Every structure is written in structure tokens, then in C-alpha cells.
Amino acid sequence: MASLELIEVRKAYGAATVLDGVSLSMETREFLAFLGPSGSGKSTLLRVIAGLETADGGEVRLGGRRIDQLPPGDRGVAMVFQHYALYPHMSVRDNMAFGLRNAGVAKGEIGRRVLEAARVLEIEPELDRKPAQLSGGQRQRVAIGRAIVKQPQLFLLDEPLSNLDAALRMRTRVQLAELRNRVDAAFIMVTHDQAEAMTLADRVAVIHDRRIQQVGPPMEIYARPANVWVARFVGSPAMNVAPVELLDGESGRASVRLGDGSQVDTRVPRAGLAGAGPLQIGLRAESVRVTGAGAGTTDARVELVERLGDRTLVYARLSDGQALTGEDRGASRVQAGDIVGLHMEGAAAHLFAPDGSGRHPVESTA
Amino acid sequence: MNALGRRSLLQAAPFIGPFLLLYVGLLIYPLIDGLALSFHRADPFGGRAFAGLENYARLASDPVFGQALGNTFKYAVLVVPVLTAITLALALALNKPGRTASVFRGLFFSSSVLSVTIITLIWRFVLTPDAGLLAEAWEAGGREPVPFLSQPDLALLAVAVATIWWSIGLPMMLFLAGLQQIPEDIFEAAALDRANRWTTFRRITLPSLRRTVVLVVMLQTAAQLQLFGQAQLLTAGGPGGASRPVVLFIYETAFTRWELGYASAIAQVLFVLILAVTLLQFRAGTSRREP
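Top line first, the protein sequences correspond to chains A and R.
506 is the number that our numbering gives to position 364 of the first sequence; each next residue is one higher, with no gaps.
201 is the number that our numbering gives to position 199 of the second sequence; each next residue is one higher, with no gaps.
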């Protein structure tokens, strides 16, 4: 059974549309990440689901029940706010119990649930303290605890890791993963950090320009991006995208020529591409290997070298001025100003149709 | 003091000096001289004779002082809670964006910029039994107009009402500032925690405004214990002293009966009272802190 269903959700602030017909369906116990840059509408979408914003159109359903007309507290969702939003004058215990008291849960049951959550989150010694006396990580756990005790059908996490330092972020990430295994609920996490989205989520919804651009498992989004925007947003460094010309050919696979004349034989089916208009090729840096000059698909002048230890990123420019990012081994001796060869792995190349939609190699290891 | 400290003090002197001079001359000296004066029999024409505690002894058994002190506390008790409640309610109602709210904020604040003379003039128009606003209303209803300002039990109330009307601006602004300090997301968290409006107000808004409430009550109590102008101009303390506050009594003693020593003694007592009340409120307002 579907857990959360969004049907054509629309939201505008005055003349500015922020969500334009968003539809989505979640499985029970699924962990979904809303991934997008700031201003993409991902937080607004989360707030519409929570009931903190009202949608201008469309439906929100949870567990088969329509909830978009209900007040936030009656929706069966719990939210962990980006800045935790703990009640500063209440103890940790009261912070967690507040919602249950308002819902009229029996006193003994409240105490039991609060203690259980505190035990799991290791904040038992902090129960009688005020939020101001806690560290950032402890506050974060109280915020999560406040959500857990409500036993919601759906957890909404708004940038849950963004206020933590790097070490704590890793630990909390693991805790979130454990939490999701333990509770019988679905999760939505808003984030602009693709590493968080990729590691925690079953599926990622990439949100940009008021719409969901693509929903799918992390690796599918990486391997088969729906369009140029997703291709360039997901993955680091961003995918190389360059204009190409489709070559004539009898085979079923598309061969293309870059601006500097070099040819790449892709495994993308040729069907439907001829005569469609200008195409673009997409190549991740790991599919552009740095070789000696003359030994690759084409030659390029190196502009910048980034040494990452295990590998080296080489930012180069082709003879026609097209910028490409390639990868070399960690011990690379390439320097800015060098002429190097770039070997483009045609088998891994993507093509993008004039409308931006992605075409992917068949037999690719998705 | 080491050489460095002496040098920086010398450098600071020209900046602090002028203010310090004024502060000492106009505040510290009168304060001390006032205290000294309270132990003397004195008049403004140079007569000054040491009288020990005579003024204070006289004060203890002065029925007029007793009445004025009682009136002063009545003013504080009538004005402060009502003013606090009204200004908090106004701030809650007007704490929203938009032109209407900002126009009303300005309207409610406007009375504060008027001088006490204007205030009493306005309230005279409202309260006076012949052709006053309320009198007209009463007569239109076919009833005898009420002489608010000359009836003993109503005069004090009338002064208190005028005072509330005059004092709304500052506490309302303090509450608005306090409300805007509360982060929006804890109200959202409360909404998700199924808190209704009353619960949200009682458990979230009010505790968050605690410091502002203490501040408003302290400021207003100190201010109302010094109530003077409205009472003098609206009722002249009458009828029969029924609306005379302590400061008006001090004024009358000093500047119509010319008993400066006695007036100073009353002023010292009022000073200690205000200090004590304010400190008590501060203790009560901040004692319930986290362990």
C-alpha cells in the first residue's frame, strides 16, 4: 500500500509559482530524499505535506486518507526542524511529552514512550535539562525524540544534518539509518547534500525549478539521469556536457562528433535522434581518462589540476574551446599548461536530446 | 593604578568629564542634599535648622500622607495589571505584517507622544459633567450625567483610566519586540504538537515573553508610584484628597506650604518604597530559573 501520495500539488506565493503540479507516491517504510538546490521548492513541498503551508491545488494523501485539509497536528506526521525548534523554557522531558499531552494520551503511556525514546537516543541523563544546557548534537536527538514519541506514519526531516559538524554529521547519519530500521514509518528528508541523499535514501526525488525532475534509487539517478539538469546536479564533479553532431551510420548505436572534430562511438540507440536537432553528449569525469598526448580520443590543454589523493581531476580545454573535466590516477604528474590526450569512454557516454531529456547506453551497468 | 591605567584614564577624561559633571551636579548632589534636607526644618528663603528625625516622626502620624500613600498603591494596583493585560492583548493582535496592523500600532502608540497637559485636557472633554462626551452619552440615554471628577470613589478611577490610556504605547512596543524575538519555528512545532490557540499562548507565547512581562510590570510599577501630573491637572487630588498621590502631596508640601524639609522626608520614603517594590518584583520575576 502506498504511504504518502502527492497528486498534482501546486503552490504559489502571489505571482511566483514555487510548486507546479508535483506528483509522487511513496511505499510504506520507504526513505525518500528531496534533493535540490536552495530555492528549488523542496522545503516548501515538505511544509505542504506537514500542513505548515496550504497547497493551492492538488491532493496530499497519507495511508489512503486525504490530509491536505487537516491541521498539522492531525495529519499523522512528525517533523524534525532544521533548527530543532525545541521549546526553550521546557525540559527535555516536557519537550517530548508536550504533543502527547495535547493529544490526550494517558499519563503512564506518555512517560513510557518518552523514556523509551530517551533510552534509544541516549539522552536519559538529559531529561530534566533545558535545551539551552544541551550541545548541538543532544538538541538534535531531542528533536528526533519529540518526533519518535508521536509514533507518526511519516517522519519529515528538514535538513537534519546541516547544523552539525562533520564528525557529528556522520554519527547522526548512522543513527538516522538505525532509526529508520527500527520504526514502522516512512521518512522524507530534505537536503541539498547529495552524499546525504545517496547514503540514506531508498529513493531520491531531485527537485528543481518547481518540479520533481526525477525520482528513483540513488544509483539509477546517477547512472541514468532524466535530463541535463539532473545529470549536472548529481555527482561531483559535475558531468561534462558538450554539443555534438550526430554522424551518419548503419549501426543501431549513435556515433557523434565533438566541436573539435573528435569522434565518440556511444552505446546509445540511434533511433529517434537523427534530425531531432542539436544534441549534447554527457560524460562523467571518470569516463574521460587522461593519457599521453596523441594517445587518446583527442588532445586538450590542461588549465587546472586538483589532486584528491586517490585520483586527480584535470580541467582541460579542447582545441575548439570546449571545457572538459577528466580523471587521472592519484600520482599524476600532469600540470597546468600541459597538452594531454583525453580518452573518452564512448560506452559510458549519455546523449541529451534537444529538449534536454537523457538517452542512456544500453547494456550499461545501472 | 599602573602607568598605563593612569594614561588611559587621562585620555578618557575629556569624554566622560562633561557628562559626569552634569550627572553629579543635577542628580547625585540633589540626591544627597535631599537626604540631608530631610533631617532639617527648611524653607526656600534660606531658613534651615537641624531637626533630627522630627520630619520622619511627623510623617508616621500624618493622616494626609497615609491617605496619599494608600491612593498611590491603589493607582499602581489599578493601572499596572490592566495596562499589562491590555498592552499584551494589543501586541498579540497587532503582531502581524500588513498595513492595517501597522496603522493601528501607530494609532495606539500615538497617545504616548502627547504631554500630560494634553492628556488631561482630552480626558476633561470626556469626563466633565457639563457637555462632556460621557455626559452627553448619559443624557442621550435619559440619565443624569455622572460627575466623575468630583465624586470621591470615581475620581481616582478616572485618573487611573486616563493613565492607562496614556501609557499604552511603550509596553505595547516592548511586547511587540518580545513577540518578534520568538522564533517562528517553535509555533510551527507547537502546531504539529496539536496545541490549540490557548495552549500555544499559555505554554509557548507567555513563557517566551516572561522577561518582557517582568520588565513591563517593573517599569510601570515604578512609573505609577510616581504618578503626578494627571492627578494634579485632572482632579487636583480631590475631592477631599481622594485622588491625591504621594508625589502630589510632596509637591503641595514643598511648593504651596514651603516645608522643604518635610517634603524631602516624604520623597526619601517614596524612594525607598519604589526601590523595595521594584527589587521584590525583580526577584520574583527571575527566581524561578533552571537549576
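Glycine residues also receive a C-beta, built at the ideal position from the N, C-alpha and C atoms.
In this text, all values refer to a predicted model and were calculated from it rather than measured experimentally.
L136 of chain R and K98 of chain R have their C-alpha atoms roughly 33 Å apart. Of the residues R:I18, R:T130 and R:T86, the one whose Cα lies closest to the Cα of S152 of chain R is R:T130. At a cut-off of 9 Å between C-beta atoms, F223 of chain A counts as an interface residue with respect to chain R. For V383 of chain A, the three-state secondary structure derived from DSSP is strand.
Of all residues in the segment 188–209 of chain A, the ones placed with a Cβ closer than 8 Å to any Cβ belonging to chain R are A192, G193 and L194, in chain order. Close to chain A, meaning a Cβ-Cβ distance shorter than 8 Å, are the following residues of the segment 185–206 of chain R: P185, D187, I188, E190, A191, A192, A193, L194, D195, R196, A197, N198, T201, R205 and I206. Contact note: S117 of chain R does not reach chain A at a C-beta cutoff of 8 Å; the least C-beta distance is about 40 Å. Taking 8 Å as the Cβ-Cβ cut-off, the segment 205–220 of chain R approaches chain A at R205, I206, P209, S210 and R212, given in chain order. Contact check for G500 of chain A against P367 of chain A passes: the beta carbons are separated by less than 9 Å.
Within chain R, the residues placing a beta-carbon under 8 Å from that of F240 of chain A are A192, D195, A197 and R205, ordered along the chain. Residue pairing of N369 of chain A in beta bridges, as defined by DSSP: A:S499. For L310 of chain A, same chain residues with a beta-carbon under 6 Å away, outside a window of 5 residues either side, are G279 in chain order. Contact with chain R is absent for A260 of chain A, since none of that chain's Cβ atoms lies less than 9 Å from the residue's Cβ. Contacts with chain R (Cβ-Cβ distance below 9 Å) from the segment 304–337 of chain A involve no residue at all. Among the CB atoms of chain R, one or more fall inside 9 Å of the CB of H231 of chain A. Secondary structure note for I349 of chain A: its beta strand (DSSP E) is the uninterrupted segment R345 to H350.
The beta carbons of I363 of chain A and L400 of chain A sit no closer together than 9 Å. A62 of chain R and L39 of chain R have their C-alpha atoms spaced approximately 18 Å apart.
Boundaries of the alpha helix (DSSP H) around S169 of chain R: P154 to S169. With contact defined as three or more Cβ pairs closer than 8 Å, the segment 223–238 of chain R and the segment 262–275 of chain A are not in contact.
The three-state reading of DSSP puts M168 of chain A in strand, counting E and B together. For T122 of chain R, the CB contacts under 8 Å within the same chain, skipping 5 residues up- and downstream, are A164, G231, Q232, L235 and L236 in chain order.
Residues A396, V398, L415, A416 and L421 of the same chain have their beta carbon placed closer than 7 Å to that of L388 of chain A, with the five preceding and five following residues left out of the count. In the structure shown, G200 of chain A adopts extended strand secondary structure according to DSSP, grouped into three states. Shown here, A175 of chain A sits in a strand according to DSSP, grouped into three states. Contact note: G215 of chain A reaches chain R through A193, L194, D195, R196 and A197, using a C-beta cutoff of 8 Å and chain order. With contacts defined by Cβ atoms closer than 9 Å, R426 of chain A and E445 of chain A do not form a contacting pair. Within 10 angstroms of the beta-carbon of A418 of chain A lie fewer than 16 other beta-carbons, which makes it exposed. Using beta-carbon distances, V219 of chain A counts as an interface residue toward chain R, with a partner under 9 Å.
Using beta-carbon distances, A245 of chain A counts as an interface residue toward chain R, with a partner under 9 Å. Residues of chain R whose Cβ lies closer than 7 Å to the Cβ of A158 of chain A do not exist; the shortest such Cβ separation is about 17 Å.
The bridge partners DSSP lists for E147 of chain A are A:S167 and A:R203.
Apart from sequence neighbours up to five positions away, the residues of its chain that approach I481 of chain A with a beta-carbon distance below 7 Å are A435, D441 and R443, ordered along the chain. Ranking A:S429, A:G438 and A:A478 by CA distance to the CA of V447 of chain A puts A:A478 first. Inside the segment 276–312 of chain A, DSSP marks whole beta strand (DSSP E) runs of 3 or more residues at positions 296–300, from first to last along the chain.
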